[in-house]
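For reference, the structure discussed in these notes is given below.
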Amino acid sequence: MVAHHAGSSAPLEGGLNFDLGKEKELLRQNIRAFVERECPREYVRELDEKEEYPERTWQKLAEYGFLQLPIPEAYGGVGGDIVDLVIVTEELARRSGAIALTFWMSACFGAMTLLLAGTEEQKRRYLPQLAEGRIKFAISLTEPDGGTDVAGAMRTRAVEDRGGYVISGQKVWTTAAHVSDYLIVFARTNENVTKRVDGISAFLVDRRSPGITLRKLEKVGIRATQSFEVFYDRVWVPRENLLGQRDKGMYQLFGMLNEERILTAAMCVGEAQGAFEDALAYAKERRAFGKPIGQFQAIQHKLSWMYTKLELARLITYKAAWLQSRGRECALEANMAKLVAAN
Numbered sequence: 366m367v368a369h370h371a372g373s374s375a376p377l378e379g380g381l382n383f384d385l386g387k388e389k390e391l392l393r394q395n396i397r398a399f400v401e402r403e404c405p406r407e408y409v410r411e412l413d414e415k416e417e418y419p420e421r422t423w424q425k426l427a428e429y430g431f432l433q434l435p436i437p438e439a440y441g442g443v444g445g446d447i448v449d450l451v452i453v454t455e456e457l458a459r460r461s462g463a464i465a466l467t468f469w470m471s472a473c474f475g476a477m478t479l480l481l482a483g484t485e486e487q488k489r490r491y492l493p494q495l496a497e498g499r500i501k502f503a504i505s506l507t508e509p510d511g512g513t514d515v516a517g518a519m520r521t522r523a524v525e526d527r528g529g530y531v532i533s534g535q536k537v538w539t540t541a542a543h544v545s546d547y548l549i550v551f552a553r554t555n556e557n558v559t560k561r562v563d564g565i566s567a568f569l570v571d572r573r574s575p576g577i578t579l580r581k582l583e584k585v586g587i588r589a590t591q592s593f594e595v596f597y598d599r600v601w602v603p604r605e606n607l608l609g610q611r612d613k614g615m616y617q618l619f620g621m622l623n624e625e626r627i628l629t630a631a632m633c634v635g636e637a638q639g640a641f642e643d644a645l646a647y648a649k650e651r652r653a654f655g656k657p658i659g660q661f662q663a664i665q666h667k668l669s670w671m672y673t674k675l676e677l678a679r680l681i682t683y684k685a686a687w688l689q690s691r692g693r694e695c696a697l698e699a700n701m702a703k704l705v706a707a708n
């Protein structure tokens, strides 16, 4: 089980301190041991080649309590913070970006969305199931005409009908839609608005609802966690599946964007760490002109610059996470982390 308790990260007192603390270091040791035990390299390689969702690993993450981290104790979790999620995401990504993505998508788009916008009934219904790994979530937001200006590009519509809403439209880059139990769908519910971000609502949609069709998108990486176009053809959703306030869905999305950016950065840092370790090992093993190629200055320059950029990305990622965990403004740092780590 996860060796962690909420509030384990003490405030920095008396100056700058880069020590995460004993409990968070223990969490890192636990997830690193988990990766070595449950995610052998051959298994990860096979998942990518077959484009196979890591269901076995998902269930193990639940069994060992890692899925409980973003969920408060009142709903079956352990009440961890964003720094905990960064640690787990980074360590998973050292071995597999796809496995890391399955974890933080659940944490961010599942748990955090419900905590930010869900009713008490929705939280009590879904969060304990998520903590146990019994349900999965995917976010269905990006439109064919745009992902950055999603409010301006929003063509998906939801209209009131039969005591609920009928959703029609198309989404792209809905990752893990095929294995998700629920899709968090954003659709325009009001055309008469002065600001484009207004008039959009979020819905919790059962992925098996009539009228939903998936079409796989071909990717060159993170293939074990497939992404899809999703078509909504008059999909009926009960009124109680509205997430948060009607017409204010984009504001709810803004509330979790910092977490999304920080966790994306953590995944990139983990992948870069894994790549660096492989490159360093190869430089020590590969021999040319009678010695390991790592003894040549040209190779040393490449490796040293690689590790320097990696550490810079890690530092800004953890700074953003630390600020977020204390409720402090971190939009700038979260964006910087994603920019630097993904580059």
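In the numbering used here, the protein residues as written are 366 to 708. Yeah, the Cβ is synthetic: ideal placement off N, Cα and C, and Gly gets one too.
**Report entry** Val-558 versus Leu-412 - alpha carbon distance
**Finding:** For the purposes of this step, residue 558 is taken as residue 193 along the sequence shown, with counting starting at 1. For the purposes of this step, residue 412 is taken as residue 47 along the sequence shown, with counting starting at 1. The alpha-carbon atoms of Val-558 and Leu-412 are separated by roughly 46 Å.
Query - Lys-703 burial status per 10 Å Cβ neighbour count (16 or more: buried) - result: As a working note, residue 703 is residue 338 in the sequence shown. The residue is buried, with at least 16 neighbouring Cβ atoms inside 10 Å.
Query raised in the report: So what's Asp-643 in DSSP terms, helix, strand or just coil?
Result: One-based indexing of the sequence shown puts residue 643 at position 278. Note: Asp-643 maps to helix in three-state DSSP.
Query - Nearest neighbour of Gln-433, chosen from Ala-476, Lys-667, Leu-457 [CA to CA] - result: On the sequence shown, position 68 is the one that residue 433 refers to. Considering only alpha carbons, the answer is Ala-476.
Query - C-beta contact flag for Gly-483 and Leu-608 at 8 Å - result: Sequence index remark: in the sequence shown, residue 483 carries index 118 (1-based). Sequence index remark: in the sequence shown, residue 608 carries index 243 (1-based). Cβ atoms of Gly-483 and Leu-608: closer than 8 Å.
**Report entry** Own chain partners of Ala-516 with C-beta closer than 7 Å, once the 5 adjacent residues on each side are dropped
**Finding:** Counting from 1 along the sequence shown, the entry for residue 516 is found at position 151. Result list for Ala-516: Arg-561, Val-562, Ile-565, Met-615, in chain order.
Query raised in the report: Under three-state DSSP, which class holds Tyr-440?
Result: Here residue 440 refers to the residue found at position 75 when the sequence shown is read from its first residue. Tyr-440 falls in the helix class under three-state DSSP.
Query raised in the report: Pairing CB atoms from the segment 634-645 with CB atoms from the segment 450-458, are three or more of them under 8 Å?
Result: yes
**Report entry** Residue range of the alpha helix (DSSP H) that includes Phe-399
**Finding:** As a first step, residue 399 is located in the sequence shown; it is residue number 34 there, counting from the start. Element bounds for Phe-399: 387-403.
**Report entry** Cβ distance (whole Å) where Ala-542 is taken to contact Val-600 below 8 Å
**Finding:** As a first step, residue 542 is located in the sequence shown; it is residue number 177 there, counting from the start. As a first step, residue 600 is located in the sequence shown; it is residue number 235 there, counting from the start. About 13 Å; that fails the 8 Å criterion.
**Report entry** Beta-bridge partners of Ile-577, as assigned by DSSP
**Finding:** Residue numbering aside, residue 577 sits at position 212 when the sequence shown is read from its first letter. Answer is Tyr-597.
Query raised in the report: What first and last residue would you give for the alpha helix (DSSP H) that runs through Asp-449?
Result: Position 84 of the sequence shown, counted from the start, is the residue given in the question as residue 449. Per DSSP, Asp-449 belongs to the alpha helix (DSSP H) from 447-460.
Query raised in the report: By Cβ distance, which residues of its chain are closer than 8 Å to Pro-657, with the 5 residues on each side in sequence left out?
Result: The residue you call residue 657 lines up with position 292 of the sequence shown. Contacts found: Ala-648, Lys-649, Glu-650, Arg-651.
Query raised in the report: What are the residues that DSSP puts in a beta bridge with Gly-586?
Result: Position 221 of the sequence shown holds residue 586. Per DSSP, none; premise fails for Gly-586.
Requested in this report: Taking the CB atoms as reference points, tell me whether Ala-589 and Thr-539 lie closer together than 8 Å.
Outcome: Translated into positions along the sequence shown, residue 589 becomes position 224. Translated into positions along the sequence shown, residue 539 becomes position 174. Against a cut-off of 8 Å, the Cβ pair of Thr-539 and Ala-589 comes out as no contact.
Query raised in the report: Taking just the CA atoms, how far does Ala-646 sit from Met-671?
Result: Position 306 of the sequence shown, counted from the start, is the residue given in the question as residue 671. Position 281 of the sequence shown, counted from the start, is the residue given in the question as residue 646. Taking the straight line joining both Cα atoms gives about 14 Å.
Query - Strand pairing of Glu-508, partner residues [DSSP] - result: Walking along the sequence shown from the start, residue 508 turns up at place 143. Bridge partners of Glu-508: Gly-511.
Report task. Report the residue from Asp-446, Gly-576, Glu-698 whose alpha carbon sits nearest the alpha carbon of Leu-392. Result -> Taking the sequence shown and counting its residues from 1, one reaches residue 392 at position 27. Checked all of Asp-446, Gly-576, Glu-698; the closest Cα to Leu-392 is Asp-446.
**Report entry** Inter-residue Cα distance where the pair is Ala-375 and Phe-383
**Finding:** Here the question's residue 375 lines up with position 10 in the sequence shown. Here the question's residue 383 lines up with position 18 in the sequence shown. Low per-residue confidence applies at Ala-375: pLDDT is 49, beneath 50, and the placement is therefore not dependable, though the value from the model is reported in the following sentence. Going from the Cα of Ala-375 to the Cα of Phe-383 covers about 12 Å.
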